[in-house]
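Just so you know, the protein sequences line up as chains A and B, in that order.
First residue of the first sequence? That's 1 in the numbering used here, and the numbers climb one at a time after it.
First residue of the second sequence? That's 1 in the numbering used here, and the numbers climb one at a time after it.
Below is one structure, written out as structure tokens; the observations come after it.
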Amino acid sequence: MKFMCSRDRLNEAISIVQKAVSTRSTLPILDGILIEASVSEGVKLTGYDLETGIEAKLEADIKADGSVVINSKLFGEIVRKLPEEFVTLETDDRLTINIECGSSVFSIKGLSSEGYPKIPEVQDAQKVILMQGVLRDMIRQTIFAVSTDESRPTLNGCFFICDGFSVEMVAIDGFRLALRKQAIGSDLPVMKFIVPGKALHEAGRILDGKDAELVIYSSQNHILLDTGKVRIVSRLIQGEYMNYKAILPKSGDTTMLVSSAVMLSAIERASLIILSEDRRSPVQLTMPNDEVLVISASTELGTLREEIPVSIRGERIDIDFNPRYFIDALRVIEDEEITIQFSGSNGPCVLKPTEGDDFAYLVLPLRR
Amino acid sequence: MERKILHVDQNCFFASVEMVKHPELRDVPMAVGGDEEKRHGIILAKNRHAAAFGVKTAEAIWQARQKCPGLVIVPAHHEHYSFYSEKLFDLYCQYTDRVEPYGLDECWLDLTGIAGIGDPAQVADEIRERVRRELHLTCSVGVSFTKIFAKLGSDYKKPDATTIISRENFRQIAWPLPVGDLLFVGRATQQKLARINIRTIGALAAMSPDYLRDYLGINGVKLWMSANGTDDSPVAHFMSRRTIKSVGNSTTTARDMMNEGDVWQTILALSDQVAGRLRKKSLRAQTIQIWARGSDLHGFERQKHLSYRTDRTDDIAKTAMSLFRENYTWACPVRSLGVRTARLVTTDEERQRSIFDADYKREGATEIETVIDRIRMQFGDVAIRRGVQLVCDSKLIENGVLAQNRGGFSSVREPGAPSELSW
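And the structure:
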């Protein structure tokens, strides 16, 4: 194998596929990046931890076909520190990889690509085309509510639903729910599946180009996200996702209109005196009249009391929340004004748009 | 700003508490010791009469008796020591919120920046006076500008004394002392230091820190800073001590456990006590761990995460038993067993409502367990027991419980017992 390429492009491709390279694997070959070069197909880098696989294409001038596996960490650090922009990579018949750049030449031992596991083919797939920026935002707006509690595996991922016209993503960690919905078009395939949180997290970091397209293919067991340059393959979480629609209350006893930015900064101030590891101390919301929401917190460190302007319809309530759950939701909401719907002092609370159903963030309170 | 740090050390704490409970022991040589018959027979603490005979903490009781023939041995009552310890910490917290416990009977107090506190030595004398008057115990207090020197000060003069180690006098007081008196200089470090001829704190302070780094690693530099009074480790906030990571108990039975019935009785007794402690501390556990060791001394440890959190004997015992059954092959009898609970949350934290609330059918302790807790609090651990524990072999579990405090007379059979095992 022999090819020439740009150091910066190579560095970029390495950092993309590294996201899927396992850090503590029992198989040494999985600590590596698979490099494949063929004059007809170009150069492709692959990282795969047996759950998520990422392939990145690299523009290169290919002189000889071939493939090799090289330790990911070492390769990444070498390329980052190369002196000049133009790099030549070449392997010999004993799988030694020569990396030549300017006047420096590294010779590194490689592993045979024969032992590298194959990323599953996503066969008999249905597909949806989305803008990369749209999917990236939807991931950012839901992923924080993905559960890490392994006793309920289906909640360790985002539920992805396509009803033919819109795409919906849902995450639930037991104490809250995040839902984002986006109208895409018409005549889309109807499908639903659960994508592991980790794969989505990595995808969110790789996707860019607001206007560039992305194709999502899904089969029974796998999902493939294809941007053209990068392909991300992940296994899907098997099992029935929770009936999330049953959790979302249809209506509430209290409806409050509020500026999301004003509410966010007030709760962030309240959380300053609530230590992050202290899950006991709540932020308290009270409604002295229909125009004011009082946000208060009290811990060993001190107290905060703050009034913000709101517009309340229905029963006035007094309720305790973990501020973290509100902050996570309010930070990703882009609407200036939102509706918050309460169902009594012990019931769930839902943050929604003032019109439509593009998002819903459900938060459960602390018992009194 | 110069820090004002106190280290308070209770003088022979266990023995002092016993003497408060039994004033007649004040005038005779006495020591708190383990149970000799169960081969737990070491000295845990002794009073000054016993110390005068040369009785040492951690030596075997029979050795102590040889030195001091009339020595009175009192069994340990850990629940009393915890009770007094809590009273002491309540008292310290009246002075500052930066109170860092170091075991049951020692702690640091940081008085820096506390308004109206005045001379820290006067506070030290006041604390000693109050501990003596309010709790009938004595303590020694070290006053200094670092934690290490404060600790050194409380060890300097005993009993019931205040020692001030200041920037002006630390060279005279601390430096001539053996280096082993310095906190974190254990036996191994002391030997290593002796090899390079460092025997006093002053000799350590005079070394080059670079050399100590090469010789002892980063700890060498830390010790050098300690000896020079330049370590700046802070006194932790009192609340930070309150996170309990696990609650467990284990036992080596007086005879080996031969079958599942024996194991079940032991697991039940252990779980009963663990669950009681969880309830007392308002904690619930999501992870149940067991460890077992066979008579061949080989052991294993296994754990299981529950989908709910519990503080109930039932849940803990049944999970522990199923872990045991799944993992023990009975190649030999069982010698020791332990049951531990982890992933704890306080019942306060449980206030967070969950989507799965409906799944958490077990909302903590059952009514019967709450009643059992109250009876035990008043009449002792054996006042009320499960039926199975009444007929239990005393070589396994004495009187069906593992704790020391006995007393009481009644028992109860719990309804709803599983059919395969007797309750």
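Where is the CB? At the ideal position from N, CA and C, for every residue including glycine.
Here B/His49 carries a helix assignment [DSSP, helix/strand/coil]. Interface flag for A/Glu315 against chain B is unset, since no Cβ pair is found closer than 9 Å. Per DSSP, reduced to three states, the secondary structure at A/Ile108 is strand. Contact between the stretch 203-215 of chain A and the stretch 8-21 of chain B is absent: fewer than 3 CB-CB pairs across the two stretches fall below 8 Å. Beyond the five residues adjoining it in sequence on each side, A/Ala329 comes within less than 6 Å, by CB distance, of Leu351 and Tyr361 in the same chain, given in chain order. Taking 9 Å as the threshold, the shortest C-beta distance from B/Asp97 to chain A falls below it. Taking A/Tyr241 as reference, the option from A/Gly174, A/Thr254 and A/Leu272 with the minimal CA-CA separation is A/Gly174.
Taking the C-beta atoms as reference points, A/Pro120 is found nearer than 9 Å to A/Asn221. Note on geometry: alpha-carbon atoms of B/Ser82 and B/Leu135 lie some 13 Å from one another.
For B/Trp62, the enclosing alpha helix (DSSP H) has its first and last residue at Ile61 to Lys67. Taking the beta carbon of B/Ser354 as reference, the chain A residues within 7 Å of it are Gly174, Phe175 and Leu364, listed in sequence order.
In the same chain as A/Ser166, and ignoring 5 residues on each side of it, the C-beta atoms closer than 8 Å to its own belong to Lys181, Gln182, Ala183 and Ile184, in chain order. Between A/Phe326 and the set A/Ile312, A/Ser147, A/Leu264 and A/Glu300, the nearest pair of CA atoms involves A/Leu264.
Contact between A/Ile161 and A/Val195 does not hold, since their C-beta atoms are separated by about 11 Å, which reaches or exceeds 8 Å. Look at the stretch 293-325 of chain A: the residues with a C-beta under 8 Å from a C-beta of chain B are Glu300, Asp320 and Asn322.
If you look at A/Gln18, you'll find it isn't in any beta strand (DSSP E); it sits in the alpha helix (DSSP H) that goes Arg7 to Gln18. Within 9 Å of the CB of A/Asn346, the CB atoms of chain B belong to Arg353, in sequence order along the chain. Taking each of A/Val105, A/Arg176, A/Ile143 and A/Ser186 in turn and checking the Cα distance to A/Val128, the smallest one comes out for A/Ser186. B/Ser233 sits away from B/Ser336, with the two beta carbons spaced by 9 Å or more. Assignment of A/Tyr361 by DSSP, reduced to helix, strand and coil, places it in the strand class. By the criterion of a C-beta distance shorter than 8 Å, B/Pro29 is surrounded in its chain by Lys46, Asn47, His49, Ala50, Ala52, Phe53, Val55, Cys68, Gly70, Leu71 and Val72, once the five residues flanking it on both sides are discounted. About 5 Å separates the beta carbons of A/Ala13 and A/Leu45, which is inside the 8 Å limit, making them a contact pair.
In this structure, DSSP gives B/Trp264 a helical state, which the three-state scheme calls helix.
Taking a cut-off of 8 Å on C-beta distances, the stretch 86-97 of chain B touches the stretch 107-122 of chain B, as three or more cross pairs fall below it. Around the beta carbon of B/Ile244, a 10 Å sphere encloses fewer than 16 other beta carbons of the protein chains shown; the residue is thus reported as exposed. Listed by position along chain A, the residues whose Cβ is nearer than 8 Å to that of B/Ser307 are Ser151 and Arg152. When secondary structure is reduced to three states using DSSP, B/Ser208 falls in the coil class, being assigned neither helix nor strand.
Rounded to the nearest angstrom, the gap between the Cα atoms of A/Arg305 and A/Arg324 is 17 Å. Listed along chain B, no residue sits closer than 9 Å to A/Ile340 by beta-carbon distance, the nearest being about 17 Å off.
Contacts between A/Arg367 and chain B, judged by CB atoms closer than 9 Å, involve Glu350, Arg351, Gln352 and Arg353 in chain order. For the C-beta of A/Ile247, the chain B residues within less than 9 Å are, from N- to C-terminus, Ile355.
A distance of 9 Å or more separates the beta carbons of B/Ile196 and B/Ala174. Taken through DSSP and simplified to helix, strand or coil, A/Pro153 comes out as helix. In the structure shown, the three-state DSSP call for A/Arg176 is strand. Contact between the stretch 262-272 of chain B and the stretch 313-328 of chain B is present: three or more C-beta pairs spanning the two stretches fall below 8 Å.
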